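Chemist: Under numbering that gives the first Met the number 0, the sequence shown has 490 at position 491, and the numbering climbs by one with no breaks. The C-beta atom is built at its ideal place from N, Cα and C for all residues, glycine as well. Every value quoted in this text rests on a predicted model; they were computed, and no experiment measured them.
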Amino acid sequence: MNLTIFAYRTIPVTLLISSIYIAIFTALFITDSVPEIPQDTHGLDIERAYADLHNITARPHPYHSHANDIVRKFLLSRINEITTGCAYAHVKEDTNTTSFMKSGNEAVVFQASNILVKIDGYDDRFIKSGGVLFSAHYDSVSTAPGATDDGIAVASLLQFIEHLVKNQPRRTAIFNINNGEEDGLYGAQAFVRHPWAKMVDSFINLEGAGAGGPPILFRASSIEPVRAFSRGITTNSTTYRVRRPHGNVLSADAFNRGVIRSGTDYSVYVGDSEHILEGVDLAFYKHRSRYHTMLDSIPGVRGKAKEALWAMLENVWGAGGVLLNIESPKPETSKMVVFFDLFKSYFVVFELRSLQTFNLVLLFAGPFLVLFIHTAIPFFLGHFNVEIEEERPSILTRVLNVFRRRSTREAEESSRNILFQPFVYVAKAWSWGNLWIPTAMFFPTTVLYAITVKSLLAGNRYITYSQQNAVLLLNLSIALIVLTFLLGSPAISSRLRSRRTKRVYILPDRQAIFLHLYVFTYLLLIFATLAVTFEIGGLYWISAWHAGVWAACIIGGLETFIVRSQRVKELEKKTRRQLLNRDAHRASRNGQRHGSGDSSDSDEGDEMTPLLPGSLTLPDQNGEPPLDGKDNGGWWILQVLLAVPIPVMLIGHIFMLFQSALGQTLADGSSAAFVYITQALLCIFMVLPIAPFASGIHRYVTYIAAITFLGTLILNLSVFPFSQETPLKVYFQQSVHLNSTNTDLTMSGNHLVEGEVIRAVTSLTGVPEFIENQVVSKLPSAWRKELNCGIDEAGRWKGLVTCSWESGADMIPYPGGRPKQPWLSVSTQRTGFTKARIEVEGKNARSCRFYFDQTLIVQVSLTPKTEIPVVSLYPTYKEEDGGILQYWAREWGKAIVIEVDFNGIINGTYHESDNGVSESGGNLRGRVACEWSEYESGMVGLDLNEIRGVGYLNPRMPALEESLRFLPQWAVVSKAGDGLVEAWSEFEF
0 MNLTIFAYRT IPVTLLISSI YIAIFTALFI TDSVPEIPQD THGLDIERAY
50 ADLHNITARP HPYHSHANDI VRKFLLSRIN EITTGCAYAH VKEDTNTTSF
100 MKSGNEAVVF QASNILVKID GYDDRFIKSG GVLFSAHYDS VSTAPGATDD
150 GIAVASLLQF IEHLVKNQPR RTAIFNINNG EEDGLYGAQA FVRHPWAKMV
200 DSFINLEGAG AGGPPILFRA SSIEPVRAFS RGITTNSTTY RVRRPHGNVL
250 SADAFNRGVI RSGTDYSVYV GDSEHILEGV DLAFYKHRSR YHTMLDSIPG
300 VRGKAKEALW AMLENVWGAG GVLLNIESPK PETSKMVVFF DLFKSYFVVF
350 ELRSLQTFNL VLLFAGPFLV LFIHTAIPFF LGHFNVEIEE ERPSILTRVL
400 NVFRRRSTRE AEESSRNILF QPFVYVAKAW SWGNLWIPTA MFFPTTVLYA
450 ITVKSLLAGN RYITYSQQNA VLLLNLSIAL IVLTFLLGSP AISSRLRSRR
500 TKRVYILPDR QAIFLHLYVF TYLLLIFATL AVTFEIGGLY WISAWHAGVW
550 AACIIGGLET FIVRSQRVKE LEKKTRRQLL NRDAHRASRN GQRHGSGDSS
600 DSDEGDEMTP LLPGSLTLPD QNGEPPLDGK DNGGWWILQV LLAVPIPVML
650 IGHIFMLFQS ALGQTLADGS SAAFVYITQA LLCIFMVLPI APFASGIHRY
700 VTYIAAITFL GTLILNLSVF PFSQETPLKV YFQQSVHLNS TNTDLTMSGN
750 HLVEGEVIRA VTSLTGVPEF IENQVVSKLP SAWRKELNCG IDEAGRWKGL
800 VTCSWESGAD MIPYPGGRPK QPWLSVSTQR TGFTKARIEV EGKNARSCRF
850 YFDQTLIVQV SLTPKTEIPV VSLYPTYKEE DGGILQYWAR EWGKAIVIEV
900 DFNGIINGTY HESDNGVSES GGNLRGRVAC EWSEYESGMV GLDLNEIRGV
950 GYLNPRMPAL EESLRFLPQW AVVSKAGDGL VEAWSEFEF
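#1: Along the beta strand (DSSP E) that carries residue 175, what are the first and last residues, could you check?
#2: What residues match up with residue 924 in a beta bridge as DSSP calls it?
#3: Taking only three categories from DSSP, how would you classify residue 85?
#4: Fully enclosed by the stretch 711-745, which beta strand (DSSP E) runs are 3 residues long or longer?
#5: Is the Cβ-Cβ distance between residue 541 and residue 520 less than 8 Å?
#6: For residue 865, tell me which candidate among 708, 822 and 895 has the shortest Cα-Cα distance.
#7: Might you give, ordered along the chain, the residues of its own chain that have their beta carbon closer than 7 Å to the beta carbon of residue 807, omitting 5 neighbours on each side?
#8: What would DSSP say about residue 239, mapped onto helix, strand or coil?
#9: Just to confirm before moving on: does the CB-CB distance between residue 957 and residue 812 stay below 8 Å?
#10: How do the stretch 754-767 and the stretch 926-942 stand: do at least 3 beta-carbon pairs fall below 8 Å, yes or no?
#11: CA-CA distance, residue 577 and residue 569?
#12: Could you tell me whether the stretch 358-375 touches the stretch 522-532, where touching means 3 or more Cβ pairs closer than 8 Å?
#13: Can you give the beta carbon distance from residue 27 to residue 736, rounded, assuming they're within the 8 Å contact cut?
#14: I need the straight-line Cα distance from residue 458 to residue 716, nearest angstrom please.
#15: Below 8 Å between beta carbons: does that hold for residue 329 and residue 200?
#16: Go ahead and label residue 317 buried or exposed: buried means 16 or more other beta carbons lie within 10 angstroms of its beta carbon, across all protein chains shown.
#17: Would residue 884 pass as a contact of residue 106 if the rule is Cβ separation under 8 Å?
#18: Is the stretch 294-305 touching the stretch 227-239, taking contact as three or more C-beta pairs under 8 Å?
#19: Within the continuous beta strand (DSSP E) that includes residue 789, where are the two ends?
#20: Can you list, in chain order, the residues of its chain with a C-beta nearer than 6 Å to that of residue 659? Leave out the 5 residues immediately preceding and following it.
#21: State the start and end residues of the unbroken alpha helix (DSSP H) segment that holds residue 309.
#22: Any beta carbon of chain B sitting closer than 8 Å to that of residue 587?
#23: Can you check which of these residues, 635, 325, 350 and 242, is closest to residue 332 by C-alpha distance?
#24: Taking just the CA atoms, how far does residue 171 sit from residue 121?
#25: If you measure between the beta carbons of residue 126 and residue 153, is that distance less than 8 Å?
#26: By the DSSP assignment, the alpha helix (DSSP H) with residue 964 in it spans what residues?
#27: Would you kindly work out how many angstroms separate the C-alpha atoms of residue 636 and residue 678, rounded to a whole number?
#28: Looking at residue 718: is its Cβ nearer than 8 Å to the Cβ of residue 765?
#29: If you check the beta carbons only, do residue 81 and residue 161 fall under 8 Å apart?
#30: For residue 39, count neighbouring Cβ atoms within 10 angstroms of its own Cβ and tell me buried if that reaches 16, exposed if not.
#31: Give every residue of the same chain whose Cβ lies closer than 8 Å to the Cβ of residue 685, excluding the five residues on either side of it in the sequence, and list them in chain order.
#32: Once DSSP output is grouped into helix, strand and coil, what is the label at residue 844?
#33: Cutting at 6 Å between CB atoms, please list the residues of its own chain near residue 556, excluding the five before and the five after it.
#34: Give the list of continuous beta strand (DSSP E) stretches no shorter than 3 residues that lie fully inside the stretch 843-904.
#35: My understanding is that residue 276 touches residue 48, with C-beta atoms under 8 Å, so please give their C-beta distance in whole angstroms.
#36: Alpha carbon to alpha carbon, how far is residue 713 from residue 665?
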């Protein structure tokens, strides 16, 4: 059979490897979009869910807004409509829970307004425990309607509730449609204190950390809830299964280590010390530049809002249906999980412990088998002395051999000892590689990448916002150029190679490079195994890559063994044939000599006599010699299939995820160097699997890579990084300083402070390169004003620049409400020797703050009957920030009351001293502030005169409206704090 078409030649190698990469990346890009809605929607009413989404996202609806109340009323109406007549469905509006939390020197008091739904399961074993929680929040940020954060999730839960009303599950389902997530996860904090929270063991939290695209399972606490995305379950009425699963454990690793600056209710459910739940976080993550902006709307999801809604709904239906109908009880111990999808069609789930076991087997057993195949078998069969034809090493190898001559001579001397011959053979094979591939590759690649990244950071560091594919091509082309250069591809060294040269038989370049690659991935595997001990499972691709390289090395050893055996037989036949020919030739010459009387006796051979018995290699009949010096019958194809597709596929998925999730986080303060370097490393790892076959890649591929590199580099350095489709986020806040009256307080004194505006300051926060000169400069209120711009060195906006300026009289906001009511009404009363009560009522506000200067909040508690928070304070050092208490009220028009216990401060005798303790003088100082998040363009269709009563006026925020109107088209506004406007005044007593 003619196997020349499978020979290791330039054209077959190039075609096969190119086909693999093209197929993988085509599949990645095709499956990276939101799927179309199928005809079979499992009885779910997608049209009604889409209509619900319009009602939920009609306008921004943060917790402290009247639009939030309207959304809550709509949801209650829809849920009551769905559950009416269902005996096992229960609806409860949680308006009784008041929770308090303390973190560091900040404390929060939150009055809940969650909507809870309970669907009883039919299995009595899971009535009091074993239920499943489904969680989503119905509040949005003040600068976004919240289509994907979190309107789609809420609309999906409404449809799933309707499905369960018609199809009672085995286990109890609890739905926490909560309020107050955006400013601190307060709705989830309130739920874990509710009695229904004790009935559930697992949960699915639905979120939005982006704006559109397919949702991803990006965090999981253990393996059990994740398995719901990889398997199906059939009940009497339907078969539940997630048909397009999407998730990766690497996103959880990044989230847990602060790479993604965001937070979800997931952290509350898994962190509750009293009742820890096991669950998953399912969220949108693409198009983060639109996240928390006006572009997070139904039209802003690029015409795919209904498809995105279906993607979330089908995930909830499939995974939720599996969790609710599992018959087996919850395992006693939680097991860490590794999970990832393949083209959103297959979902791989296994225990983290299994990954560690697999790694250890490869680490300990793998090298022995490789050594056995490559040394022991050939040694015992006597294959080391076979001579064949081989290609000459590349010029790079010959340069390095100058520094290896001594070790080579020593190895040759040692080879005389038969016991060391296998090891000498391995040393020769090792040196025969064009270079110590992976190590040597990283040096020039790092230099080239450093130059490229530095150019991008200096000239256009935010290009990854809008040109993600160009960045991908740039990285891949660099890696391919360096790889082919180092390994002496035909593009560089074809004219420097001879087709055959005589030398002692050793492994061909391909097998030697596989050995190099095996050692390199072995070192990576050690690192990945150590990472598992820190509960990092995102390096699973290293295990798969190493296993593929190991298998390819085994195949290479078998190939070499078989080829050697064939060559031994061929050489024996050739030797016998040549001996017979020589004897016949001698006999003929002897006959001629005897006939002619020539007495000369010569055994010299002529030009037809081979120089050595085993050195004859016939040229290939088709003209192109195989790259290994022989036609190997297709062994290399098996090596390609083992070593290339799996790592390229796995790393390709990770690159697509990383690019979508973090490529647009630079406006949040993420490190640009981290983003670009990580992308570069991933591209190196995507190209490195073809290292053993690089010499077989056609030179035109290298030419194309060079052209691609130059083109994408010019594009990435010249194109403006932002656009209307991928805008730059800037963060807005306005601070209003109100006049206050300071008085000496008595034990029973009541004092009213009516605030008048002293000054208003507008602030915008954004990336240093654009915020001052190309954003703030476009706002008329900032013209001819003194700008105070400074970079934040720590905290939430680390690395970003905040520019502030006095807003001016025409930019002063109005909070809404009754015209004669003051901005802030503050009443203070001493209730004891070391205690006082502070009451504050903000005009048209229900979110206020208390700032205590140079004090620590050591404790927060609630009085038993009135649930008034009691704050215990203690003095702190001057350089430390004071304590902050936030209060989120449920109702409008009511004063917020707190009690302060300042034991040790009221009679304090602290003074400035060497230890830095500040002077107290017996007085407690601080500020009281309230927050507002309503503005005209965000309240279209709402009139407080109708909602609150006659005489109420709508709020206005001229400074925000100015930003929305005059910012460049490539920039968009998001909120910087809990409120868009904070008005404050001082107090002291």
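Modeler: On the basis of the data shown:
#1: 172-177
#2: 987
#3: Per DSSP, reduced to three states, the secondary structure at residue 85 is coil, with no helix or strand assignment.
#4: 727-737
#5: yes
#6: 895
#7: 780
#8: strand
#9: yes
#10: no
#11: 12 Å
#12: yes
#13: So it is not a contact: roughly 54 Å between Cβ atoms.
#14: 6 Å
#15: yes
#16: buried
#17: Going by beta carbons, residue 884 and residue 106 fall inside the 8 Å limit.
#18: no
#19: 787-790
#20: Counting only residues of its own chain and dropping the five nearest sequence neighbours on each side, residue 659 has a CB closer than 6 Å to the CB of 285.
#21: Its alpha helix (DSSP H) spans residues 304-324.
#22: Among the chains in the structure shown there is no chain B, since it carries only a single protein chain.
#23: 350
#24: 8 Å
#25: no
#26: 957-965
#27: 29 Å
#28: no
#29: yes
#30: Counting Cβ neighbours within 10 Å, residue 39 comes out exposed, since fewer than 16 surround it.
#31: Taken in chain order, the residues that qualify are 475, 478, 646, 647, 650, 651 and 654.
#32: Three-state result, residue 844: coil.
#33: Within the same chain, residue 556 has close Cβ partners 372 and 373.
#34: You should have 846-851, 854-861, 868-874, 882-887 and 895-900.
#35: So it is not a contact: roughly 26 Å between Cβ atoms.
#36: 21 Å
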